[in-house]
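Written below as structure tokens is the structure these notes are about.
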Amino acid sequence: MYSQAERTMWQAQVRETAAMASDEDINRKYEQREQRIMTETAREKLPGFVESIGKPGYLELRPFYQRRARWDRQRQSRLIESFIMNIPVPPIFLYEKEYGRYELMDGQQRVTALRDFYAGRLRLGGLQHWPELNGRTYSQLPAKIRAGIDRRSISSVILLKESTSDEEEAMLLRHVVFERLNTGGVKLSRQEIRNALHQGPFNSCLIRLAERDDFCSVWGIPPAPADSDTEVSKERATDSRFRKMRDVEIVLRFFALRHASEFRRGMQGFLDLYMLRSHAFADEDVAYLERLFGESLELAIAIFGERAFHPYLPDEGRWADRPRIAFWDAVMVSLSRHLDASARLLGRAEAVLDATKALFAEHPTGTFTGRGNTKRDVENRIDLFGAMLDQVIAGAGV
21 MYSQAERTMW
31 QAQVRETAAM
41 ASDEDINRKY
51 EQREQRIMTE
61 TAREKLPGFV
71 ESIGKPGYLE
81 LRPFYQRRAR
91 WDRQRQSRLI
101 ESFIMNIPVP
111 PIFLYEKEYG
121 RYELMDGQQR
131 VTALRDFYAG
141 RLRLGGLQHW
151 PELNGRTYSQ
161 LPAKIRAGID
171 RRSISSVILL
181 KESTSDEEEA
191 MLLRHVVFER
201 LNTGGVKLSR
211 QEIRNALHQG
221 PFNSCLIRLA
231 ERDDFCSVWG
241 IPPAPADSDT
251 EVSKERATDS
261 RFRKMRDVEI
271 VLRFFALRHA
281 SEFRRGMQGF
291 LDLYMLRSHA
301 FADEDVAYLE
311 RLFGESLELA
321 IAIFGERAFH
331 PYLPDEGRWA
341 DRPRIAFWDA
351 VMVSLSRHLD
361 ASARLLGRAE
371 AVLDATKALF
381 AEHPTGTFTG
391 RGNTKRDVEN
401 RIDLFGAMLD
411 QVIAGAGV
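Numbering of the sequence shown is given in the working numbering, commencing with residue 21 and proceeding in unit increments.
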């Protein structure tokens, strides 16, 4: 049930921070510069900055900040208006992944707006103090306005490569910094931060799986367009689960909670940890995991139909109106461990439904609906549902 890389992903010790330490230990930690960041600042005129980001390999714009929602034309235009009026603009934050090569940690929207503006792709609109410039591109601005903008500068704060000693420490540090920077504007969800920090084949797989028609149908999320080049529908774009990437987090929970025995740091911290360790996944691991997810989801839908992942309400004698994430965890993880008995489970689908009803009747409200998210809670609901499947497969008690 594990991919090749998953079998060894927990062998390396997980870094933990001691809750209690002596002053001597704290001073030693500080002297060793553990969890201290080395930075430098830079300031560059806008034309030179835009030219720099266009150089191959100099700055990766998207890997660190790939949100589903982006600034509209008006917000981009008002950034340019701020430069026209010489209003201070916050610095962007870069991570030095190699000497002289950077990744953008914070400032994607500002950088994109500047790039589009100088390339002539941004036509100003919605300006408050310079409305007479609405409708114009950079090249269409009066000469003195262009000259004034070209004199403006943008500041960068660069996290230097020397801040960390190994890749895992670097990733943890980037996660902390990225999250701490995320204090103003539109706050990012934890999954948006993961998406920004953990770009790669596995992260792409999570997004791809969240676009499956059957997954969207189960969760009542407007479907993804059939063509990747087609813009998403207004309904999908405005769905809060899609915009904040909660759909992707639901997919991630399946993969991570298959390793519930390694659960630590709370649910969100454990998902962070799994994403961090997923950097070791090869293409073969990702392909295996994608198949595992698809087969488990298809089996759940084949057994439960439109009630898939809906808790049963014994006091009301009916299935809940909507799916619940904690029950998703229990069903998906358990079924992934019983795929070799798929035919038996499908042949006894009614028995699975009856046994699920009994399971909800036998255990306190909340066992399968997520009111507890400790390691014990997570393992308990997965184990209970898995044991029920074992009984059904054996034909006992049903």
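We treat Cβ as the ideally placed atom computed from N, Cα and C, and that holds for glycine.
Between ASP305 and ALA25, the gap from beta carbon to beta carbon is short of 9 Å.
Counting only runs of 4+ residues, the alpha helix (DSSP H) found wholly inside the segment 108–172 occupies 128–138, 163–171, in chain order.
For GLU231, no beta strand (DSSP E) encloses it, and the DSSP letter there is neither H nor E. Annotated as proximal: LEU317 and ARG232, with beta-carbon spacing under 9 Å. Where ARG297 is concerned, the enclosing alpha helix (DSSP H) starts and stops at 286–297. Note on geometry: alpha-carbon atoms of ARG357 and MET21 lie some 6 Å from one another.
For the 9 Å CB-CB criterion, PRO110 and THR61 do not form a contact. Judged by beta-carbon spacing, ARG273 lies within the 9 Å limit of ILE345, meaning their Cβ atoms are closer than that value. Following the DSSP letters along the chain, one finds GLU60 in no alpha helix (DSSP H) but inside the beta strand (DSSP E) bounded by residues 59–65.
Looking from the CA of TRP91, the closest CA among THR132, ILE104, ALA378, LYS75 belongs to THR132. Spatial neighbours of MET295 in its own chain (CB-CB distance under 6 Å, excluding positions within 5 residues in sequence) are listed in chain order as ARG214, HIS218. Taking C-beta atoms under 8 Å as the contact rule, ILE165 and ILE104 qualify, at a distance of about 7 Å. GLN288 and ARG210 have their C-alpha atoms roughly 7 Å apart.
Shown here, TRP91 sits in coil according to DSSP, grouped into three states, outside any helix or strand. Taking THR389 as the centre and dropping the five residues before and after it, the same chain places the C-beta of PRO331, ARG344, ALA346, PHE347 closer than 8 Å to its C-beta, in chain order.
Judged by DSSP secondary structure, GLU399 falls within the alpha helix (DSSP H) whose first and last residues are 395–414. Here TYR78 carries a coil assignment [DSSP, helix/strand/coil].
The beta carbon of ALA375 is closer than 7 Å to those of MET408, GLN411, VAL412, VAL418 in its chain, skipping five residues each way along the sequence.
Around the beta carbon of LEU161, 16 or more other beta carbons sit within 10 angstroms, so the residue counts as buried.
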